[in-house]
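In our numbering, the protein residues as written are 34 to 207.
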């Protein structure tokens, strides 16, 4: 069984017991500005033409509170109300990979921006060289920098400051 999308790192460590230290622990992170554009784009694209009752609570929340990307950043990133992991994009990624003192608890942090090379490194470490990950859930959107005003850029910088500091992300233009 794998440890899923949720920032309950200490519970995971306790659940795995003495086996925790023998595991190769890894995670992948993404530039917070790009991450939000991707999430918003995916929700908008995949919900088109579908009745609201067929969408999960998170998607309905986003569609109601964030009809535009700017509304999404203003209204949907300040809330952390983890309903069965459904609002996991609101958490800092550091919440998944650090203990309560801020110390990394994974052996390797890959970057979405280097997904091919970083996943190859992980797969080699796991004894699966040559295996390639398929690209699924591809959203189609322009470079993330085109979506942000100075206001929304700053909201994300403040909201995800821990990620920016820990992983060294900066707002980049194309």
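From the three backbone atoms N, C-alpha and C, an ideal C-beta is built for every residue, glycine too.
query	result
Indicate the three-state DSSP secondary structure (helix, strand or coil) for residue 142 in the structure shown.	strand
For residue 47, which option in 136, 132, 181 and 167 has the closest C-alpha, if you only look at C-alpha atoms?	132
Have a look at the DSSP bridge pairing and note the partners of residue 131.	137
Is there contact here, the segment 154 to 162 with the segment 81 to 88, by at least three beta-carbon pairs under 8 Å?	no
For the beta strand (DSSP E) holding residue 124, just list the boundary residues, first then last.	Counting along the chain, residue 124 falls outside any beta strand (DSSP E), and DSSP gives it neither H nor E.
Tell me the rounded alpha-carbon separation between residue 4 and residue 123.	Any property of residue 4 remains undetermined from this structure, which presents the chain solely from 34 to 207.
Report back the beta-carbon spacing between residue 57 and residue 164 to the nearest angstrom; my notes put them in contact at under 8 Å.	Going by Cβ atoms, the distance from residue 57 to residue 164 rounds to 15 Å, so no, they are not a contact pair.
Which value, in whole angstroms, describes the spacing of the CA atoms of residue 175 and residue 185?	17 Å
How many angstroms separate the CA atom of residue 126 from the CA atom of residue 109?	16 Å
For the beta strand (DSSP E) that residue 155 lies in, which residues bound it at each end?	Premise fails: residue 155 lies in the alpha helix (DSSP H), 148 to 158, not in any beta strand (DSSP E).
With respect to the alpha helix (DSSP H) encompassing residue 204, which residues constitute its N-terminal and C-terminal limits?	Unbroken run through residue 204: none, as it is neither H nor E.
Can you give me the C-alpha to C-alpha distance between residue 161 and residue 72, rounded to a whole angstrom?	29 Å
According to DSSP, which residues form a beta bridge with residue 61?	143
By Cβ distance below 6 Å, which residues in the same chain neighbour residue 76 in space, the five residues on each side in sequence not counted?	92 and 95
In three-state DSSP terms, what is residue 167?	coil
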